[in-house]
Structure formats: structure tokens, C-alpha cells
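Let me begin by presenting the structure, written as C-alpha cells, before commenting on it.
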Amino acid sequence: MLTLRVVSFSLLAFFSGFSTAGILGIEPYRDAQLVKSNSQTGQFTEIPLGKISRAGSGWEPESVERVEGDLFSSLYKIHRNAVLSDVYAHYRTQMAVDGRMVLFECDSRSCGSSNAWANNFFGDYLLYGPDQSQFLLVVKNPQDIYQVLYINRRGAGDVMVRLDEVKSARANGTEFEIVAQMDVQDIPRIRRFVSALSADQNLVGFVTSQKTAGLSALESGDQLISIMQAGLGDRFKDRVRFVNLADLGRESLGINRVSFVYVRP
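FYI, the numbering for the sequence shown is -21 to -1, 1 to 244, going by mature numbering (1 follows the signal peptide of the UniProt record, and there is no 0).
This is the structure we're talking about:
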């Protein structure tokens, strides 16, 4: 495990103990049929925090938080006569209570491509439907339990509901926590994220990289940092202090990614 001495912050730790009933006790919509469920411990899960769109040759949300912990996932099917807005309201009412924070929410085309969410992000073609009939909600409670809700109506008319719950254990005495992770080469998204900060808010960006044919992992990381600084320009580059982790970061930080943490004013 890597100890960061430049800035102390909490990486995500393993936690066990999911029950098959789920963590937060969400009551399914009336007459909802459980299609399948899955439980995994010590799982790295990406929590989506933005619209999904093309990134390089693939698709990914504009921002994610990678959580190491336990995942419980369930997929439900609801009859075709159900009103989509009623289904969404049923789940949202239960999820956005008791001090839970809404981290991201979208609907219709503001979420991006339904095909990308279904096949590229969730890896389940049963979630695919028209872009205009989708809903996505991400919440987190004070105990660091995340919930990700995705709803869409398939072409056959059935409403599909995917509900993921991820529980992580954070170290005691946390001063910093990862607030966003992005591909280091996605300069437009990085710039948008930094430009949206309040005037007194700064960041540390931990950069991971790997060895290439001509560069060591450390040299590659330095090069990526230079590219990001140039992309931020004179206006924003002083808002972020980049730290080169090269290939010494934990698996939860990914490869060729930048992990942002807030520096408290």
C-alpha cells in the first residue's frame, strides 16, 4: 500500500457484509419482478458523476469516483403500463432522504446515450431503451454507502430498473477524499471541472501513468502533467497541484488517470 507523504488523504478500503436484501432497504415498485441480482466483495466500482459520452475510442461518464468496497446489484422488470415518472419518483423518494446527498441526477437526453449506459457502463443490454425515457440518480449517505439508480423503458414496453449499492470503508481521521477521477488526456472535462470551483477552492491532482516504449512511468507521468497544465492555461493552472504517482498508485486509482482531492481553505 502506498503512503502519500506530500498530502494526506484517504484511499478506499475493503469492507464486507452485504446482505442479499440490500443495504438501504429500498422497497421495489409495485409488481416489480426481480430479474437477477449479484453480490461481490472487494469490488472496484465506478460511481458515475456525469453524463456519458465518447472518450477516445470508447464511452465513459464525464466524471467518476472509483470505490473499492462491496457491490450489490439488482435488476427489476416492471409492467409496460407503468408511468416512467411515477417509477422514478417512487425510488427517488426513498433514496434522497435521511441525510443522503444527491451526487448526480439526470434524465432523458441530458444523461447521454442509453446504449452507452447499458452496454458500455453497466454491461447489461436489458437496460437499453430510447434516450428520452431514461433516468439516472446517484446518492451517498453519511456512512459512505452509494446508490446508483438507472431506469429506462425497453422497446417492448417493459420498464427496467437497475439499482446498485456500493459500501466503502474510509480510514479514520480522513482529511481529504477523492472527489473525481478522469482520463488524463480528457483536457476539456478537466478544464470544466477546475473552472467550476469556487474562488477559494483548490485541488491536488494525483496522476497515475505507466511505462511506454520510450519513457519510464515517472517520465510519462511528468509528460501528462505538462499536457494538463498547458490545457488549463494561465487562468486555471495554479488552482491544481499535480502529484506524479507514476505506476506506484493503488489499483483503485487506475492507469493514466488523475484523481482530484480538495484542499481545504
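Every residue, glycine too, gets a C-beta built ideally from N, C-alpha and C.
As the structure is a prediction and not an experimental result, all values here were calculated from the model.
Asked                                                                                                                                                                  : Found
Rounded to a whole number of angstroms, what is the C-alpha to C-alpha distance between S87 and N98?                                                                   : 17 Å
Does the stretch 33 to 44 come close enough to the stretch 99 to 108 that 3 or more CB-CB pairs lie under 8 Å?                                                         : yes
Using the Cα positions of D49 and Q126, report the straight-line distance between them to the nearest angstrom.                                                        : 12 Å
Are there three or more Cβ pairs, one per stretch, closer than 8 Å when the stretch 75 to 83 is compared with the stretch 118 to 133?                                  : yes
Examine the Cβ distances between the stretch 173 to 187 and the stretch 131 to 139 and report whether three or more of them are shorter than 8 Å.                      : no
Contact between the stretch 215 to 222 and the stretch 181 to 200 is defined here as three or more beta-carbon pairs at a separation below 8 Å; is this criterion met? : yes
Based on the DSSP secondary-structure assignment, which residues constitute the bridge partners of P27?                                                                : V43
Determine which residues share a DSSP beta bridge with Q22 and list them.                                                                                              : G48
For V66, which option in L128, Q208, Q189, T191 has the closest C-alpha, if you only look at C-alpha atoms?                                                            : L128
Suppose you measure from the CA of residue 246 to the CA of F23; what does that come to, to the nearest Å?                                                             : Residue 246 falls outside the range modelled here, since the chain spans only -21 to 244, and no answer is possible.
Less than 8 Å separating the beta-carbons of I57 and V117?                                                                                                             : no
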